[in-house]
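Below is one structure, written out as structure tokens; the observations come after it.
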Amino acid sequence: MEIPAINTFRQLEATVGALRDQEVYCTRFDETHGSILLSSSEISDMLALCRENGYGLLIGLGPRPEYDVKATFYRTQFGIEQGRQLNNSDAFAQCVDEAFRLCELGCRGITVYDVGVLKVLGQLRARRKLPPDLVLKTSSHCMATNPALASLFAECGADAITTAHDLGLPVLQAMRKAAPGTVLDIPTDVYKSKGGFIRWFELAEMVQISAPMFFKMGASVQDHPYDSVKPEAAAERVRRVRVGLEYLKVHGPGAIAPIEAADRLVCLPVAPGG
1 MEIPAINTFR
11 QLEATVGALR
21 DQEVYCTRFD
31 ETHGSILLSS
41 SEISDMLALC
51 RENGYGLLIG
61 LGPRPEYDVK
71 ATFYRTQFGI
81 EQGRQLNNSD
91 AFAQCVDEAF
101 RLCELGCRGI
111 TVYDVGVLKV
121 LGQLRARRKL
131 PPDLVLKTSS
141 HCMATNPALA
151 SLFAECGADA
161 ITTAHDLGLP
171 VLQAMRKAAP
181 GTVLDIPTDV
191 YKSKGGFIRW
201 FELAEMVQIS
211 APMFFKMGAS
221 VQDHPYDSVK
231 PEAAAERVRR
241 VRVGLEYLKV
251 HGPGAIAPIE
261 AADRLVCLPV
271 APGG
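Okay, structure coming up:
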């Protein structure tokens, strides 16, 4: 179970506190704005908080086109169709540098927005230039919309694939067969700007056809992924997670299998330089 869009230390601290107060289970968190918006000291604080409390943390790579002066087409009416793919070697190299920075700080989970970057990071990991226990996850912005794309992402080094938000159960089942060695990260309730739908009644069947998988829960509290997550919103997100897990228990008794913190896919941070 993953809570997305935990983008600052304060948001993380508030969410960890809300999980403790409401006694709600969570496996890991996902930072989504990009590592270049975080100082090394704040990243270290976030990693330490997760490590001390047994939570995993994935951090998104940057730069992304919306931050890049060279991504002029991205800012046009049609440029958004580019997605968050990088269009210049400088940004590409900077993304790779950011991966090394994150790993040196103790991060063991990285969310990737560009499939080319994914391929290079996968090659660096295979050569042990990056830690072998590093988990590479594709963002929903990579648009894994069909089984063939899921298979392609796996070939490029993805350990976890975030599926597009509106995929039906048959597509998820086919995606599982096409990429058997990956984990599927499936959004279950989404921001209003991404459709606002809530899929509680499908959770049990998702487990049946998609496992191993993570649920991405709690986003439906917000209108937009860039909305600020204040303590009140963090508490409401956790409450939304609790509701979703209750539906899963009702419709799929025994479907929840909490993963051990030591499992590589949790992305539990390690000590800096480890």
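Going by the working numbering, the final residue of the sequence shown carries number 274, and the count climbs one at a time with no gaps. Just so you know, even glycine gets a beta-carbon here, dropped at the ideal spot from N, CA and C.
Query	Result
Using the Cα positions of Tyr55 and Trp200, report the straight-line distance between them to the nearest angstrom.	24 Å
What does a CB cutoff of less than 6 Å around Ala18 pick up in its chain, not counting 5 residues either side in sequence?	Ala234, Ala235 and Val238
Between the Cα of Thr138 and those of Pro258, Gly157, Met1 and Leu203, spot the shortest distance and give me the residue it belongs to.	Gly157
What separation, rounded to the nearest whole angstrom, lies between the Cα atoms of Ile187 and Leu61?	In the sequence under discussion, the amino acid at residue 187 is Pro, which differs from the Ile named in the question. Approximately 20 Å between the Cα atoms of the pair.
Is Glu246 helix, strand or coil by DSSP?	helix
Measure the C-alpha to C-alpha separation of Gly83 and Ser140 and round it to an integer number of angstroms.	10 Å
Under a Cβ-count criterion, where at least 16 other Cβ atoms within 10 Å of its own Cβ denotes burial, should Gln222 be classed as buried or exposed?	buried
Over what stretch of residues does the alpha helix (DSSP H) that includes Gly17 continue unbroken?	Phe9 to Gln22
So Ile256 and Lys249 are supposed to be a Cβ contact under 8 Å. How far apart are they, rounded?	7 Å
So Met206 packs on Leu167, CB below 8 Å; how close in whole Å?	The pair is not a contact, with the Cβ atoms about 10 Å apart (cut-off 8 Å).
Counting C-beta neighbours from all protein chains within 10 Å, is the total for Phe100 16 or more, i.e. buried, or is it exposed?	exposed
Buried or exposed: Gly218, going by 16 or more other Cβ atoms within 10 Å of its Cβ?	buried
Hey, which unbroken runs of the beta strand (DSSP E) at 3 residues or more fall wholly within the stretch 72–142?	109–112 and 135–138
Just grab the DSSP bridge partners of Ser206 for me.	Reading off the sequence shown, one finds Met at residue 206, where the question assumed Ser. Answer is none; Met206 lacks a bridge partner.
What residue does the beta strand (DSSP E) around Ala160 start on, and which one ends it?	Ala160 to Thr162
If you follow the alpha helix (DSSP H) that Met175 is part of, which residue opens it and which one closes it?	Leu169 to Ala178
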